[in-house]
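Step one of this worksheet: look at the structure below.
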Amino acid sequence: MGFPNRLIGVHLYISERTVKNHLANIMAKLHALDRTHAVVTAVRHGWLSL
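Residue numbering for the sequence shown is 0 to 49, as defined by numbering that gives the first Met the number 0.
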């Protein structure tokens with residue numbers, strides 16, 4: 000399971016709302032249904048390695 004938005008915000012020194020906005024933008028650009036789908040899409044395109 001991934002990190003909650005609040006914890007991501009704490010680590011990046013941004014608000015939880017900003018995290019939500021960034022995630023929404025990423026998911027829209029990738030046509031992802033959820034975070035997992037976004038990660039899978041990024042890995043398949045070689046934009047992210049695990």
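Positions of the beta carbon are idealized from the N, C-alpha and C atoms, including for glycine. All of these numbers come straight from a predicted model, not from anything done at the bench.
Residue 47 sits close to residue 41, with the two beta carbons spaced by under 8 angstroms. Here the alpha carbon of residue 49 sits roughly 11 angstroms from the alpha carbon of residue 43. C-alpha of residue 21 to C-alpha of residue 12: approximately 14 angstroms in a straight line. Assignment of residue 26 by DSSP, reduced to helix, strand and coil, places it in the helix class.
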